[in-house]
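To start, the structure itself, in structure tokens.
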Amino acid sequence: MTRTRLLAALVMTPLAVAAILLMSTPWLVAVAAVLFMIGLWEWFDLAEIEDTLSRAVLLIANLAVMVALVWASRSSSGYTLVLFQLVSVIGVAWWLLALLWLGRYEFASDHDTHARVFKLAAGALSIIPAWCALAWIHASQPNGHRWLLTALAIVWAADSGAYFAGRKFGGRWFPGRKLAARISPNKTIEGLLGGIAAGILVGIGFALFSGAQLSQLPAVSVIALAAVLFSVVGDLFESLLKRHVGVKDSGNLIPGHGGILDRIDGVLAALPVFAIGKAVLGF
16 MTRTRLLAAL VMTPLAVAAI LLMSTPWLVA VAAVLFMIGL WEWFDLAEIE DTLSRAVLLI
76 ANLAVMVALV WASRSSSGYT LVLFQLVSVI GVAWWLLALL WLGRYEFASD HDTHARVFKL
136 AAGALSIIPA WCALAWIHAS QPNGHRWLLT ALAIVWAADS GAYFAGRKFG GRWFPGRKLA
196 ARISPNKTIE GLLGGIAAGI LVGIGFALFS GAQLSQLPAV SVIALAAVLF SVVGDLFESL
256 LKRHVGVKDS GNLIPGHGGI LDRIDGVLAA LPVFAIGKAV LGF
């Protein structure tokens with residue numbers, strides 16, 4: 016499985032990096048919208064929306080919100096990012112609420128009731144703000160494309176660091192203690208610490224590549240830490256949804272990695288906090 020994951024990553028990573036660095040913001044946002052909509056379609060599976068027509072209507076409704084945001088952001092001089100910034104803030108607020116949801120495993124687990132409504136709302140609040148944050152970061156000046164790569168590299172590094180640290184050290188430093196045993200029994204505290212270390216180190220390196228000054232690196236480290244922690248919340252939340260329906264992966268589109276949602280769950284939570292942190296701390 017590790018070899019399959021590695022081969023898939025070796026194919027996907029150069030394509031993602033090339034798209035981020037070479038595409039204009041409108042084109043990148045369009046491509047991201049397609050990927051995020053695929054992830055949302057998989058989210059419907061986790062909410063057990065089985066009727067194809069209902070799924071299509073829900074997908075179109077979410078896409079319509081994204082199109083409306085672009086349309087409403089037009090100005091005489093081009094586009095304004097105010098709405099994208101506002102929606103990104105809403106995204107951060109949502110993921111803080113999601114953290115509370117993680118502490119209540121049974122909440123919305125019974126799909127014979129109104130639980131689907133909560134999970135569909137959670138899907139919109141996860142996908143749309145992340146897409147807005149992606150557009151905001153990439154469109155920012157200077158070097159927005161490099162800063163977006165930095166944000167994604169932090170999540171990718173944290174994911175890999177947690178995976179390998181968990182495999183090598185899991186259970187040694189904190190025996191008998193899991194990160195979230197009921198939601199994701201394979202995740203360890205050691206893996207979390209390895210992911211944090213990898214995310215911060217990679218964040219610092221990519222920030223220098225993006226034009227950050229040495230004096231800005233402490234601020235970058237703080238936001239990298241926040242992005243990693245939020246990415247863990249995103250990962251755990253998707254794991255919670257999968258536990259509720261008894262599946263291992265959100266799909267099988269990517270060999271060794273599952274579905275698109277399995278690959279972007281941490282990104283969905285990390286992008287809004289990185290975008291806001293970058294704006295507030297001014298790097």
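No gaps in the numbering here: position 155 of the sequence shown is 170 in this note's numbering, and each next residue is one more. Ideal Cβ placement from N, Cα and C applies to all residues, glycine included. Remember, predicted model here, so these are calculated numbers, not experimental data.
Where residue i falls: helix, strand or coil (DSSP)
| i | result |
| --- | --- |
| ILE53 | helix |
| ALA139 | helix |
| ARG131 | helix |
| ILE105 | helix |
| SER124 | coil |
| ILE238 | helix |
| VAL228 | For the record, residue 228 in the displayed sequence is Gln; it is not Val. In this structure, GLN228 counts as coil in the three-state DSSP scheme. |
| GLY218 | helix |
| ILE198 | coil |
Beta bridge counterpart(s) of residue i as assigned by DSSP
| i | result |
| --- | --- |
| GLY93 | SER90 |
| THR203 | LYS193 |
Check whether residue i and residue j have beta carbons under 8 Å apart
| i | j | result |
| --- | --- | --- |
| LEU208 | LEU194 | no |
| ALA234 | TRP110 | no |
| TRP56 | LEU74 | yes |
| ASP60 | SER254 | no |
| LEU276 | GLY54 | yes |
| GLY210 | ALA180 | yes |
| ALA213 | VAL288 | no |
| ILE291 | VAL44 | no |
| TRP151 | GLN231 | no |
| LYS134 | LEU251 | no |
Any non-hydrogen atom of the ligand FAD closer than 7 Å to residue i Cβ
| i | result |
| --- | --- |
| PHE224 | Judged by which ligands are present, the structure shown has none, so any question about the ligand FAD falls away. |
Validate contact between the region 77-89 and the region 137-151 using beta carbons, cut 8 Å, 3 pairs: Of all C-beta pairs linking the region 77-89 to the region 137-151, three or more are shorter than 8 Å, placing the two stretches in contact.
Segments of 4+ residues assigned as alpha helix (DSSP H) that fall wholly inside the region 242-298: As far as the region 242-298 is concerned, its whole alpha helix (DSSP H) runs of at least 4 residues are 275-296.
Touch test, the region 160-169 against the region 234-246, Cβ-Cβ under 8 Å, three pairs minimum: Between the region 160-169 and the region 234-246, the count of C-beta pairs closer than 8 Å reaches three or more; the two stretches touch.
Runs of alpha helix (DSSP H) lying entirely within the region 143-192, each at least 4 residues, in chain order: Qualifying alpha helix (DSSP H) stretches, in chain order: 159-184.
Length at least 4, wholly inside the region 19-83: the alpha helix (DSSP H) runs in chain order: Taken in chain order, the whole alpha helix (DSSP H) runs of length 4 or more contained in the region 19-83 are 40-61.
Validate contact between the region 213-229 and the region 152-162 using beta carbons, cut 8 Å, 3 pairs: Contact holds: three or more Cβ-Cβ distances are below 8 Å.
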